[in-house]
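J.: Numbering (this note's numbering), first residue to last: 196 to 513.
Beta carbons are placed, not taken as given, at the ideal position from N, Cα and C, and that holds for glycine.
The structure follows.
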Ligand SMILES: NC(=O)c1ccc[n+]([C@@H]2O[C@H](COP(=O)([O-])OP(=O)(O)OC[C@H]3O[C@@H](n4cnc5c(N)ncnc54)[C@H](OP(=O)(O)O)[C@@H]3O)[C@@H](O)[C@H]2O)c1
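And the structure:
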């Protein structure tokens with residue numbers, strides 16, 4: 196496989212063309228020709244070496260763990276896919292990534308692509324879709340009428356979380372800066388809470404919170420949770436400093452708090468596919484760059500600002 200990655204941890208100057216042998220296709224695998232790859236903050240965190248302790252990669256490493264493409268070869272035990280199928284998936288983080296021309300992926304992690312989407316749109320969904328499904332449905336067990344609080348409604352995760360929560364009939368509030376207020380409302384938020392106008396204020400008491408920010412933003416939001424509510428956080432201590440008063444705030448409200456680290460899962464991917472095909476959610480792609488070293492540099496620098504809307508995608512040039 197040939198793709199964009201790193202030979203050494205560091206800044207965007209480390210992004211380079213990597214050539215490594217493609218894994219052999221096992222009986223339960225698919226060989227997929229990648230057409231587009233989603234870009235996520237984890238990509239540049241890995242590039243910088245921030246995840247070395249959790250993922251002791253052997254370099255060189257192709258980056259990216261989010262993709263859409265076409266099935267080129269089907270392992271002998273696989274019955275649910277055929278050559279030529281359009282698919283989308285998040286591969287295992289421990290392995291080589293998706294900023295590549297092709298890769299071998301266990302079929303159980305893959306789903307057919309939602310009908311009617313481009314490769315770029317489909318590639319924007321796996322990682323955020325799985326994270327949101329696992330946080331809202333598996334941890335939050337959200338139900339119609341639940342009051343759901345999304346921290347950072349305009350980001351890659353937030354823009355899908357608002358839509359998924361609405362598809363379950365929840366009442367949704369989301370935080371955002373003023374410049375993204377209309378955008379967040381158009382995604383379906385019932386309540387838009389501007390964090391840049393003197394702090395967030397709401398009368399609502401929430402049953403469930405998805406925390407995508409951690410730190411002070413999370414601490415400030417906790418006072419709006421009801422007693423015995425649930426929090427799914429996707430932020431670890433290496434992402435944001437945990438304010439000292441958080442433990443007490445969580446304890447006073449007797450909150451159930453769970454950390455979610457996205458799990459690759461073809462079954463969950465099919466739920467995402469169904470939500471798109473039934474027009475309950477739509478991808479939100481704001482920036483597309485070519486899958487080249489220059490394109491990856493631009494994508495990483497943009498993601499690193501922490502100010503992008505929806506998703507960034509790298510498109511493979513034919
Ligand atoms: N644990 C996991 O498995 C997992 C999975 C996915 C992502 N993550 C992590 O979750 C975080 C979010 O991911 P993402 O893909 O959504 O990131 P992202 O797309 O880069 O988020 C950017 C968005 O955050 C908003 N934002 C920044 N500060 C804010 C604040 N104080 N209040 C409200 N909104 C704010 C920005 O909007 P404004 O410009 O309007 O401020 C921007 O739209 C990242 O740290 C990522 O690494 C973890």
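Whole angstroms is fine: what's the gap from residue 436's alpha carbon to residue 409's?
T.: Here residue 436 refers to the residue found at position 241 when the chain shown is read from its first residue. Here residue 409 refers to the residue found at position 214 when the chain shown is read from its first residue. When rounded, the distance between both Cα atoms is 8 angstroms.
J.: Short of 6 angstroms in beta carbon distance, which residues of its chain neighbour residue 342, apart from the five on each side in sequence? Order them along the chain.
T.: As a position in the chain shown, residue 342 is number 147, starting the count at 1. Around residue 342: 366, 399, 401 and 402.
J.: DSSP on residue 184, reduced to helix/strand/coil?
T.: Residue 184 falls outside the range modelled here, since the chain spans only 196 to 513, and no answer is possible.
J.: Put residue 242 into one of helix, strand or coil per three-state DSSP.
T.: As a working note, residue 242 is residue 47 in the chain shown. Correct three-state label for residue 242: helix.
J.: Residue 478 to residue 320, Cα distance in whole Å?
T.: Start at 1 with the first residue of the chain shown, and residue 478 comes out as number 283. Start at 1 with the first residue of the chain shown, and residue 320 comes out as number 125. Straight-line Cα distance between these residues: approximately 7 angstroms.
J.: Tell me, which residues are paired with residue 485 by DSSP?
T.: Residue 485 sits at position 290 when you count from the first residue of the chain shown. 510.
J.: Under a three-way DSSP split, which group does residue 373 fall into?
T.: Along the chain shown, read from residue 1 onward, the residue named residue 373 stands at position 178. Looking at residue 373 - three-state DSSP - the assignment turns out to be helix.
J.: Should residue 496 be listed as close to ligand 1, given that the test is whether its C-beta is under 7 angstroms from any heavy atom?
T.: Residue numbering aside, residue 496 sits at position 301 when the chain shown is read from its first letter. Outside the cutoff, so no.
J.: In or out: residue 258 buried (at least 16 other Cβ within 10 Å) or exposed?
T.: Here the question's residue 258 lines up with position 63 in the chain shown. With 16 or more other Cβ atoms within 10 Å, it is buried.
J.: Taking the alpha-carbon of residue 369 as reference, which of 291, 363 and 395 has the nearest alpha-carbon?
T.: One-based indexing of the chain shown puts residue 369 at position 174. The shortest C-alpha separation from residue 369 is found at 395.
J.: Counting pairs of beta carbons, one from the stretch 447-465 and one from the stretch 289-306, are three or more of them closer than 8 angstroms?
T.: Yes, they touch.
J.: On the criterion of 16 or more Cβ atoms from any shown chain inside 10 Å, does residue 431 qualify as buried, or is it exposed?
T.: The residue labelled residue 431 in the question sits at position 236 within the chain shown. So residue 431 counts as exposed.
J.: For a test of the three-state rule: what should DSSP assign to residue 425, helix, strand or coil?
T.: Start at 1 with the first residue of the chain shown, and residue 425 comes out as number 230. Looking at residue 425 - three-state DSSP - the assignment turns out to be strand.
J.: Give the single residue among 482, 270 and 377 whose Cα lies nearest to the Cα of residue 503.
T.: Here residue 503 refers to the residue found at position 308 when the chain shown is read from its first residue. Nearest of 482, 270 and 377 to residue 503, Cα basis: 482.
J.: Please state if the CB of residue 199 and the CB of residue 488 are separated by a distance shorter than 8 angstroms.
T.: Position 293 of the chain shown, counted from the start, is the residue given in the question as residue 488. Position 4 of the chain shown, counted from the start, is the residue given in the question as residue 199. Going by C-beta atoms, residue 488 is nearer than 8 angstroms to residue 199.
J.: Please list, in chain order, all residues of the same chain as residue 294 whose beta carbon is under 7 angstroms from its beta carbon, the five residues on each side excluded.
T.: For this step, residue 294 is matched to residue 99 along the chain shown. Around residue 294: 198, 199, 200, 232, 257, 258, 259, 486, 491 and 509.
J.: Alpha helix (DSSP H) containing residue 461: first to last residue?
T.: The sequence position of residue 461 within the chain shown is 266, counting from 1. Per DSSP, residue 461 belongs to the alpha helix (DSSP H) from 461-472.
J.: Considering only the alpha carbon of each residue, which of 316, 317, 351 and 311 lies closest to residue 326?
T.: For the purposes of this step, residue 326 is taken as the residue at position 131 of the chain shown. The shortest C-alpha separation from residue 326 is found at 351.
J.: Tell me whether residue 374, by its Cβ, gets closer than 7 angstroms to a heavy atom of ligand 1.
T.: Position 179 of the chain shown, counted from the first residue, corresponds to residue 374. True, at least one ligand heavy atom lies under 7 angstroms from that Cβ.
J.: What do you reckon, is the C-beta of residue 501 under 7 angstroms from a heavy atom of ligand 1?
T.: On the chain shown, position 306 is the one that residue 501 refers to. Checking every heavy atom of ligand 1 against the Cβ of residue 501, one is found closer than 7 angstroms.
J.: At a cut-off of 7 angstroms, is residue 408 close to ligand 1 when judged by its beta-carbon and the heavy atoms of the ligand?
T.: Locating residue 408 in the chain shown gives position 213, where the first residue counts as 1. Because some heavy atom of ligand 1 lies under 7 angstroms away, the Cβ of residue 408 counts as near it: yes.
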